[in-house]
Amino acid sequence: MSDWSRGYPAHNAYLDTMQPEISPFRWRTALLAARVSMPSTRRFRFLELGCGSAHTLIALAALYPEADFLGVDFMPELVVRARKLIAEVGLSNIRIEEASFAELADAPCPEQFDYAALHGVWTWVDADTQGEIVAVLGKWLAPGGLAYAGYNCMAGWAAAEPIRQIFRSAPQGDPSAPYTAARLATEQYLALSDNLQLRTLWQRLSQMPDRFLAHEIGATWGGACWHPQIEAALGAAKMGFACPSELSEQFDPLFLEGARLEMVTRGTAEGWTQTARDLAYGRSFRNDLFHRGAPRLSGPEMIDGLRGLRVLGWNRDAGFGPLARLTLRDSPVAEPDIEDSIARAVSDGPSLIGDIVDALVLDPQRALQAVLVQIIKGNLLVIRTDDEIAAARDGARAFNAVGKAHFDARRHVLPCLASPVLGGVVMLPEKLQKIAYGQRDCDALDLDRLSALELTS
Ligand SMILES: C[S@@+](CC[C@H](N)C(=O)[O-])C[C@H]1O[C@@H](n2cnc3c(N)ncnc32)[C@H](O)[C@@H]1O
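Using my numbering, the final residue of the sequence shown is 1278, and nothing's skipped along the way.
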């Protein structure tokens, strides 16, 4: 461990990942439903703190050509990797700077940012570093700006403390497999323990490579937090909780029943909604949006905003797109005749939500709910306007062409493709990624779906 890293496992570069959840356009639906206003999704300034090799940020820069992006990370090797990818894609609206959050907190404030993102950072650093992040957001995020945070949630991690302690204490041997002793000790401990949550967690973690475990459970400051803790910390930057970044998280009755749903209902009535939700779902990760003074939307503004969104008919079975990962329960606004009517309304192509609502024989509030439920079920996708798609097309092609070149050369495969239609990145199962890169024959349906999101090369 080196001094500059403050206990962050900088000797062990994080595995490159991409996050489909990070997309201003994708956040719009959740924010509208939560009645929180947001900055423009065309012209804006976007900051990512702890961007790593910045694959997601680079794809976003390709998809939002009128916006400006800045990524910051203190690991030089990741900065080099990010800059190389930017040069390959040929982008001029993104910069990556090598700096620590402490250095940023002391630096003069640049033109303020409308959006900030922080994925996999907050619960991996010490309290001083968290304080520096808050100081940066307090100065650098514009009034009305939004910050996304993806972080480990305590509800699903609380049981893991003994394993963390083992991973921090057991001797690290051969650098090619440093956690051999820790893995064995964990198995031994689990044989003594009757903690079911821990067993389930370890079943998943034990499959992961040591490099991942170094960050997830071996790091000095790696941990998890409760939602009210991060909310309170960001309060010092005059920020408040807006909503979870995914629309599905505003529809608990679609996923929970019985005692779990009762817990959330009680938590909401008593003012501890997010803790109750995390416990009811046993959640181990949260994707949240916080705002810095964003005005609340009136009821009519919310309805107009939602009615103005454009949706494309989709099918959950496609296996990709922004789908809720949990099993859905039946809903009175998703009865087969309602689903059929909505499917018919989009059978000729994309439609405005308002037009679908007006075509349903339901009261307008229920009709709007019915459409939102179809979005959550993955039977509708919210898509950008034709102008926005056209503006993003060249950037997306360039990004995906680089992805294909890496894939063809079997070097450093980018885990996601950029969709101009969705204004975000899409993670594809391997089979579909091969089809998108033209490496495999496919059936017409797969090709149709990939083409609808402009993911084929
Ligand atoms: C787990 S990685 C997440 C990377 C990326 N956001 C992602 O989700 O793929 C956390 C990143 O935060 C960076 N980081 C940690 N502490 C930092 C600090 N004090 N200043 C700047 N960057 C830091 C690390 O170098 C690392 O790239």
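Cβ atoms here follow ideal geometry from the backbone N, Cα and C, with glycine treated the same way.
query	result
Take S1168 and list the residues in its own chain whose beta-carbon comes closer than 7 angstroms to its own, dropping the five residues that flank it on each side.	G1134
Should the segment 886-897 be called in touch with the segment 864-871, which here means at least 3 C-beta pairs below 8 angstroms?	yes
Is D927 close to ligand 1? I mean its beta-carbon at under 6 angstroms from any heavy atom of the ligand.	no
Please list the terminal residues of the continuous alpha helix (DSSP H) segment that includes S1069.	Careful: S1069 lies outside any alpha helix (DSSP H) and carries neither H nor E.
Where does D1229 sit, in a helix, a strand or coil, going by DSSP?	helix
Is there at least one non-hydrogen atom of ligand 1 closer than 6 angstroms to the beta-carbon of V901?	no
Enumerate in chain order the residues of its own chain whose CB-to-CB distance from E842 is below 6 angstroms, with the five nearest sequence positions on each side excluded.	S1066, N1108
Given 8 angstroms as the limit, is there contact between the segment 988-995 and the segment 949-961, that is, 3 or more CB pairs closer than that?	no
Can you name, in chain order, every residue of its own chain whose Cβ lies under 8 angstroms from the Cβ of R1087, other than the five neighbours on each side?	A1097
Using alpha carbons as the reference points, say which of G1224, C930, L1243 lies closest to C1237.	G1224
Touch check for the segment 1245-1262 and the segment 877-886: three-plus C-beta pairs under 8 angstroms?	yes
Can you tell me whether H1233 is buried or exposed? The criterion is at least 16 other CB atoms within 10 Å of its CB, across all chains shown.	exposed
Compute every distance between the C-beta of D894 and the non-hydrogen atoms of ligand 1, then say whether any falls below 6 angstroms.	yes
Hey, how far is the Cα of A979 from the Cα of A1045?	8 angstroms
Report the rounded CA-to-CA distance for E1251 versus R1131, giving the unit in angstroms.	29 angstroms
What I want to know is whether the C-beta of F934 ends up closer than 6 angstroms to one or more non-hydrogen atoms of ligand 1.	no
Measure the C-alpha to C-alpha separation of P983 and S1027 and round it to an integer number of angstroms.	15 angstroms
Could you give the distance in angstroms between the alpha-carbon of L878 and the alpha-carbon of F934?	14 angstroms
DSSP three-state label for M1248, please.	strand
What separation, rounded to the nearest whole angstrom, lies between the Cα atoms of R849 and M859?	8 angstroms
Return helix, strand or coil for Y829, following the three-state DSSP convention.	coil
What I want to know is whether the C-beta of F1062 ends up closer than 6 angstroms to one or more non-hydrogen atoms of ligand 1.	no
Which one or two residues does DSSP pair with S1172 in a beta bridge?	V1132
When you compare each of A1101, C1064, P1074 to R1081 by their alpha carbons, which one comes out closest?	A1101
Under 6 angstroms from any heavy atom of ligand 1, does the C-beta of H1233 make it?	no
If we count the other Cβ atoms within 10 Å of its Cβ and call it buried at 16 or more, is G1142 buried or exposed?	buried
Following a CB-centred definition, is S921 positioned closer than 6 angstroms to any heavy atom of ligand 1?	yes
Cβ of R1231 within 7 angstroms of Cβ of I1174?	no
Which of the three DSSP states, helix, strand or coil, is assigned to I1197?	helix
So, with DSSP's three-state summary, where would you put I843?	coil
Helix, strand or coil for E1275 per DSSP?	coil
Near F1106, what residues of its chain come up, given a Cβ to Cβ distance below 8 angstroms and the 5 sequence neighbours on each side ignored?	G971, Y972, N973, C974, G977
Hey, out of A1213, A1226, A926, R1004, whose CA is closest to K1255's CA?	A1226
By Cβ distance, which residues of its chain are closer than 7 angstroms to A1139, with the 5 residues on each side in sequence left out?	R1270
When the Cα atoms are used, what is the spatial distance from Y829 to A1040?	7 angstroms
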